[in-house]
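The sequence shown runs 144 to 526 under the working numbering.
Cβ atoms here follow ideal geometry from the backbone N, Cα and C, with glycine treated the same way.
Before any comments, here is the structure.
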Amino acid sequence: MSDGLSHNMTALETEGARALPAAKDVAQRFEVQPHPAPASEEAWAKAMDDLSFGAAYSDHMARAIWTRGQGWHSKQVVPFGPLTLSPAAAVLHYGQEIFEGMKAYRHDDGSIWTFRPGYNAARFNASARRMCMPQMEVDDFVGAISALVTEDAKWVPTPFGSSLYLRPVMFASEAFLGVHAAAEYTFLTIATPVGLYFKDGLSPVSIWVSDGFHRAGPGGTGAAKTGGNYAGALLPQEEAADAGFDQVCFLDARENQYLEELGGMNVFVVRSDGSVRTPSLTGTILEGSTRSAIIRLLRDRGTPVFEERIRLADLVEDIKRGEVIEMFACGTAAVVTPIGRLASKDFDLEIPGSALTLSIYNQLVGIQNGHEPDPYHWLYRLV
Ligand code: COI
Numbered sequence: 144m145s146d147g148l149s150h151n152m153t154a155l156e157t158e159g160a161r162a163l164p165a166a167k168d169v170a171q172r173f174e175v176q177p178h179p180a181p182a183s184e185e186a187w188a189k190a191m192d193d194l195s196f197g198a199a200y201s202d203h204m205a206r207a208i209w210t211r212g213q214g215w216h217s218k219q220v221v222p223f224g225p226l227t228l229s230p231a232a233a234v235l236h237y238g239q240e241i242f243e244g245m246k247a248y249r250h251d252d253g254s255i256w257t258f259r260p261g262y263n264a265a266r267f268n269a270s271a272r273r274m275c276m277p278q279m280e281v282d283d284f285v286g287a288i289s290a291l292v293t294e295d296a297k298w299v300p301t302p303f304g305s306s307l308y309l310r311p312v313m314f315a316s317e318a319f320l321g322v323h324a325a326a327e328y329t330f331l332t333i334a335t336p337v338g339l340y341f342k343d344g345l346s347p348v349s350i351w352v353s354d355g356f357h358r359a360g361p362g363g364t365g366a367a368k369t370g371g372n373y374a375g376a377l378l379p380q381e382e383a384a385d386a387g388f389d390q391v392c393f394l395d396a397r398e399n400q401y402l403e404e405l406g407g408m409n410v411f412v413v414r415s416d417g418s419v420r421t422p423s424l425t426g427t428i429l430e431g432s433t434r435s436a437i438i439r440l441l442r443d444r445g446t447p448v449f450e451e452r453i454r455l456a457d458l459v460e461d462i463k464r465g466e467v468i469e470m471f472a473c474g475t476a477a478v479v480t481p482i483g484r485l486a487s488k489d490f491d492l493e494i495p496g497s498a499l500t501l502s503i504y505n506q507l508v509g510i511q512n513g514h515e516p517d518p519y520h521w522l523y524r525l526v
């Protein structure tokens, strides 16, 4: 039985930990076409002041095309702008699409870093395999990020806790209506300067446990970061919002009993004995980079973390008995968010604590911003 402290690296963690070439070397794989009319100083200053998620985009985007028989080509950094896409493009009909979420952080000395890009590259390729799409060389994936952030360095905000959110995406751009893997794909990376994901910052969110909707089933695409998983979560999310809740939590599809994830975030439970639990990777939830980092940080603090199936009925009893004292959600965009209320049609419970949640948030954001030691070499210098 696991002691909660020993750490066996997952395939993504192992692949993601491989040493990468310097950013300036991989950036050269992308030819830069500078924007002829970049954002005005005024528009840039407004974006850097607002920092709400996805409100404004940097001047450029990275782009590459994959064509059957030719592989990846046309690797460029081009002006950010609308795409030309055939109405018959396969992604519009069959949803062959994957994406990633990453961030670039400005450190106090002005240098710019990202967090575990090899992990994101490995997960991008794992998603690609599941969605029958071409994989990308890790050096191309990291090269796209490096070239884009080098070109748009002024878009990386300065305030602690802010960052330039990076969104790599790949979709089937072949114009063809037959149901088969496409013969052409487009890869893009776009960037948006962001502050805190939730408008109320680190104040606790309320969670509605979905009744009847499931995010993913056994053998499905739940472990892939593909748009359809998120589209399917929108209606349950709206139901939760209509009931006055911030986010929705899904249970497993097979037994409708075990906690899975929030759709865009993984979930953790903190017990009064000091141990922590998070749903195990059963193939139906996303293996979050933030989830992985938190497990590692907690275990190395001496906090046992158990990756296991968490039965909702047991969780409810444990919250009532005071044996569960905190819950939190995590993801790249939101980082770490305390959960202050958990409810369904059968119960409505307050979860008052947030001490461990806030301390892990501070440690993680501290590492990402260069204020805390990075013994795992998770940071990668971009500029
Ligand atoms: C992220 O946390 O970066 C994600 O990709 C989740 C997204 C739904 C905001």
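Cα separation between residue i and residue j?
| i | j | result |
| --- | --- | --- |
| P164 | F284 | 12 angstroms |
| A287 | Y308 | 14 angstroms |
| V526 | R454 | 45 angstroms |
| V467 | V412 | 7 angstroms |
| A188 | D491 | 43 angstroms |
| Q176 | L291 | 11 angstroms |
| S423 | R452 | 6 angstroms |
| T446 | L155 | 23 angstroms |
| L485 | G304 | 27 angstroms |
| V216 | G407 | Before going on, a small fix: residue 216 reads as His here, not Val. Taking the straight line from one Cα to the other gives about 31 angstroms. |
| Y552 | Y401 | This structure does not reach residue 552, given that the chain is present from 144 up to 526, and the question cannot be answered. |
| E469 | T157 | 30 angstroms |
| P260 | Q278 | 15 angstroms |
| P379 | Y262 | 29 angstroms |
| T293 | S195 | 22 angstroms |
| L345 | P481 | 7 angstroms |
| H178 | A190 | 18 angstroms |
| E381 | T227 | 31 angstroms |
| D282 | I494 | 44 angstroms |
| G362 | N151 | 24 angstroms |
| E430 | A366 | 7 angstroms |
| A166 | G465 | 48 angstroms |
| E398 | R310 | 34 angstroms |
| V339 | T153 | In the sequence on display, residue 339 carries Leu and not Val. Those two C-alpha atoms are separated by around 29 angstroms. |
Can you tell me where the beta strand (DSSP E) holding residue i begins and where it ends?
| i | result |
| --- | --- |
| T332 | E327 to V337 |
| L492 | D491 to E493 |
| T421 | V419 to P422 |
| K246 | M245 to R249 |
| I241 | E240 to F242 |
In the DSSP assignment, find the alpha helix (DSSP H) that holds residue i and state where it starts and stops.
| i | result |
| --- | --- |
| V281 | V281 to E294 |
| P379 | L377 to D385 |
| R444 | S432 to R444 |
| V412 | Here V412 belongs to no alpha helix (DSSP H); instead the beta strand (DSSP E) covers N409 to R414. |
How about residue i: is its C-beta nearer than 8 angstroms to some C-beta of chain B?
| i | result |
| --- | --- |
| A154 | The chain labelled as chain B is not found in the depicted structure, where only one protein chain is given. |
Going by DSSP, what residues sit across from residue i in a beta bridge?
| i | result |
| --- | --- |
| R454 | Y401 |
| T475 | None; T475 has no bridge partner. |
| V220 | V175 and A205 |
| V391 | W351 |
| S306 | V337 |
| F258 | L522 |
| L485 | I350 and L492 |
| E184 | DSSP, once it has assigned bridges, lists no residue as partnering E184. |
| W215 | W209 |
Throw me the rounded Cβ distance for the residue i and residue j pair, which I believe falls under 8 angstroms.
| i | j | result |
| --- | --- | --- |
| V448 | T421 | 7 angstroms |
| G238 | G371 | 5 angstroms |
| Q511 | Y248 | 5 angstroms |
| D354 | S487 | 6 angstroms |
| V220 | H203 | 5 angstroms |
| A315 | A232 | 7 angstroms |
| A476 | G244 | 6 angstroms |
| R206 | T329 | 7 angstroms |
| G483 | V352 | Not confirmed; about 15 angstroms, so no contact. |
| L522 | W256 | 5 angstroms |
| E450 | T427 | Not really, about 14 angstroms apart at Cβ, beyond 8 angstroms. |
| Y519 | A334 | Incorrect: roughly 25 angstroms between the Cβ atoms, too far for contact. |
Beta carbon shell of the ligand COI at less than 5 angstroms from a heavy atom: G244, G407, G474, T475 and A476
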